[in-house]
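With the first letter of the sequence shown counted as 1, position 252 gets the number 253 in our numbering; the numbers rise by one all the way through.
Built from N, CA and C at the ideal position, the CB exists for glycine as well.
Just so it is clear, the structure is predicted and the values come from calculations on it, not from any experiment.
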Amino acid sequence: MTELPSEYLKYPRRKYGMDHKFYDWSIMQYRPKFQWQHGKQVTVFINLNLEFFPLDQKKHPFQAPGGMKMPYPDLRHFTLRDYGNRVGIYRLLEVTDRLDIKPSFSINGQMVDRHPLLIKEIKKRDAEIIAHGWSMNCPHYGGMERELELEYIRATKARLETCFEKEVTGWLSPGKSQSENTPDLLVESGFSFMMDWVNDELPYPFNTKKGGIVSFPLSTEIEDRFVLLNNLHSESEWVEQVMDSYKFLYEEAKQEECGRLLTLNIHPWILGQAHRAKYFEQTLSYLKDQEEVCFASAQSIIKMIGLGFE
Numbered sequence: 002m003t004e005l006p007s008e009y010l011k012y013p014r015r016k017y018g019m020d021h022k023f024y025d026w027s028i029m030q031y032r033p034k035f036q037w038q039h040g041k042q043v044t045v046f047i048n049l050n051l052e053f054f055p056l057d058q059k060k061h062p063f064q065a066p067g068g069m070k071m072p073y074p075d076l077r078h079f080t081l082r083d084y085g086n087r088v089g090i091y092r093l094l095e096v097t098d099r100l101d102i103k104p105s106f107s108i109n110g111q112m113v114d115r116h117p118l119l120i121k122e123i124k125k126r127d128a129e130i131i132a133h134g135w136s137m138n139c140p141h142y143g144g145m146e147r148e149l150e151l152e153y154i155r156a157t158k159a160r161l162e163t164c165f166e167k168e169v170t171g172w173l174s175p176g177k178s179q180s181e182n183t184p185d186l187l188v189e190s191g192f193s194f195m196m197d198w199v200n201d202e203l204p205y206p207f208n209t210k211k212g213g214i215v216s217f218p219l220s221t222e223i224e225d226r227f228v229l230l231n232n233l234h235s236e237s238e239w240v241e242q243v244m245d246s247y248k249f250l251y252e253e254a255k256q257e258e259c260g261r262l263l264t265l266n267i268h269p270w271i272l273g274q275a276h277r278a279k280y281f282e283q284t285l286s287y288l289k290d291q292e293e294v295c296f297a298s299a300q301s302i303i304k305m306i307g308l309g310f311e
């Protein structure tokens, strides 16, 4: 058996806790306690994704989840993604309107010009807008040219801010993928929070060479695409998993005397289908009926926790 050279275990930041400078090591139970508005135990964050997948989507270096799967022209999958932006999203909006719940929207920059009627409908709601990259054909990845990535980020921010006539400070990368430069470029471009890292359940301070940013974990494990399409669970099982998540977080919040966060990341081309829309409503109705739940935007959540913006 070959002995591992001792040099393998020697590097500048080898110590107790994290071996990098991105964020401090901490255990959730030992962090400063905080309470949500009105003394609720659990805050729910809902994000609806508005995404553009081109028919000729490139495969290098990878395809963002939900991308084309068959040889060109993959009309089967392209038209379903388009269906989400023309049909499915309106069903989801009817549900949130009926329940008086205000979701946030993560939007590709190209959506502004490709779906103007939908964007007009979103503008009426004065909701939180999160930059979701230029399109699902523009992933961020290791080894990506820094200037190209900066161009994508700035173009997305500029297009959304011009359209919605307000500052856009949150970022969600296509496929939640980043390069080694992404956090730095986000700070440099004026973003105050990002949603790609899922290593926690509460927002936390994140350090970059350009300054601080807040990392806001957006759960993958109870995301509709992950549960229904990746894990092949049924719609009723998805509802049950969300309910189980809430019940556990509620009990944990009481035990720890500290608020907890439940995040739902939703795709209109999945849950907006006729046979699934009722499960979206069933889930939100259940959460709405809980006395210890409040709904909030990402910015409001960050402020309530006390991280704030600089």
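With fewer than 16 other Cβ atoms inside 10 Å of its own Cβ, Asn200 counts as exposed.
Phe106: member of the beta strand (DSSP E) spanning 105-108, first to last residue. Beta-bridge partners of Leu263 (DSSP): Val45. Between Tyr24 and Asn182, the gap from beta carbon to beta carbon reaches 8 angstroms or more. Cys139: not part of any alpha helix (DSSP H); DSSP gives it neither H nor E. In this structure, the CA atom of Leu265 is about 25 angstroms from the CA atom of Gly191. Contact between Pro104 and Leu49 holds: CB atoms are separated by about 5 angstroms, below the 8 angstroms threshold. Contact annotation: Phe106 and Ala128 have beta-carbon atoms nearer than 8 angstroms. The residues Cys259, Gly260, in chain order, have a CB closer than 8 angstroms to that of Gln36 in the same chain once the five nearest residues on each side in sequence are set aside. Going by DSSP, Tyr280 is part of the alpha helix (DSSP H) stretching over 278-290. Rounded to whole angstroms, the separation of the alpha carbons of Ser178 and Ile102 is 29 angstroms. For the region 197-265, the full-length beta strand (DSSP E) segments reaching 3 residues or more read 205-209, 212-216 along the chain. Distance from the CA atom of Pro74 to the CA atom of Lys41, rounded to whole angstroms, is 50 angstroms.
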